[in-house]
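All remarks here apply to the structure that follows.
So, in structure tokens, the structure goes:
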């Protein structure tokens with residue numbers, strides 16, 4: 021039974037990691053195709069898929085983090101749901117006459133993601149769920165991401181300087197979840 025549990029734990033971590041990695045092409049290609057009138061429908065579908073991925077990350081990590089910090093788990097879930105809904109709302113431009121300024125919606129979604137993910141990374145650090153360097157990178161990366169998009173809301177185009185650190189963290193975290201061995205984190209075994 022213990023071996024089956026270990027396989028389930030590792031598979032859950034791999035699923036979460038894969039979702040982190042899939043969110044980038046889903047949103048990136050979705051936004052690209054959404055801008056073109058001929059491929060707008062494909063773009064809308066990819067943007068909706070991204071939102072499902074983002075919300076799924078929230079549910080899966082909430083389930084895992086709840087063992088350590090239930091309040092942080094709820095904050096992270098709310099963060100991902102809010103982000104997913106905001107990013108999906110851009111699709112309303114295709115389906116209705118409602119015109120949403122997609123840049124503003126994106127800025128708010130990323131600000132919420134940055135602020136809501138800092139406590140999750142602090143939990144990763146405090147309970148040694150990930151290597152310390154990875155958790156600290158997440159804390160700093162999300163703080164800078166939030167700051168960059170706060171500046172965007174003030175009409176200062178600063179996000180481009182801060183997005184890479186947070187984005188690269190999500191890619192690194194996803195790869196770490198997929199490739200890590202059970203022995204690399206005893207707490208992660210409990211997490212998933």
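In the working numbering, the protein residues as written are 21 to 212.
Just so you know, even glycine gets a beta-carbon here, dropped at the ideal spot from N, CA and C.
Would you check if the stretch 81–93 and the stretch 139–149 touch, i.e. whether three or more CB-CB distances between them fall below 8 Å?
The stretch 139–149 makes contact with the stretch 81–93: 3 or more CB pairs, one atom from each, lie closer than 8 Å.
Segment limits, alpha helix (DSSP H) that includes residue 99:
In the DSSP assignment, residue 99 falls within the unbroken alpha helix (DSSP H) covering 90–109.
List the endpoints of the continuous alpha helix (DSSP H) containing residue 196.
For residue 196, the enclosing alpha helix (DSSP H) starts and ends at 179–199.
Residue 198 to residue 75, Cα distance in whole Å?
CA-to-CA, the gap between residue 198 and residue 75 works out to about 19 Å.
Do residue 162 and residue 137 come within 8 Å of each other at the CB atom, strictly closer than that value?
Closer than 8 Å, so yes.
In this structure, does DSSP put residue 149 in helix, strand or coil?
Coil at residue 149, not helix or strand.
With a 10 Å radius around its C-beta and 16 neighbouring C-beta atoms as the bar for buried, classify residue 127 as buried or exposed.
Answer is buried; the Cβ neighbour count reaches 16.
Specify the secondary structure class of residue 35 as computed by DSSP and reduced to three states.
Correct three-state label for residue 35: helix.
Just the C-alpha distance for residue 109 and residue 129, rounded to the nearest angstrom, thanks.
Between the C-alpha atoms of residue 109 and residue 129 there is a straight-line separation of about 11 Å.
In terms of residues, what are the limits of the alpha helix (DSSP H) holding residue 70?
That run of the alpha helix (DSSP H) goes 60–85.
Taking the alpha carbon of residue 169 as the point to measure from, which residue in 132, 48 and 112 has its own alpha carbon closest?
Nearest Cα to residue 169 within the set 132, 48 and 112: 132.
Do you know offhand how far residue 72's Cα is from residue 99's?
Each residue's alpha carbon lies about 13 Å from the other.
According to DSSP, simplified to helix, strand and coil, what is residue 27?
Confidence at residue 27 is low in this model, with a pLDDT of 47, below 50, so its placement is unreliable and the value that follows should be read with caution. For residue 27, the three-state secondary structure derived from DSSP is helix.
Where does residue 174 land, buried or exposed, given buried means 16+ other C-beta within 10 angstroms?
By the neighbour-count criterion, in which a residue is buried when 16 or more other Cβ atoms sit within 10 angstroms of its Cβ, residue 174 is exposed.
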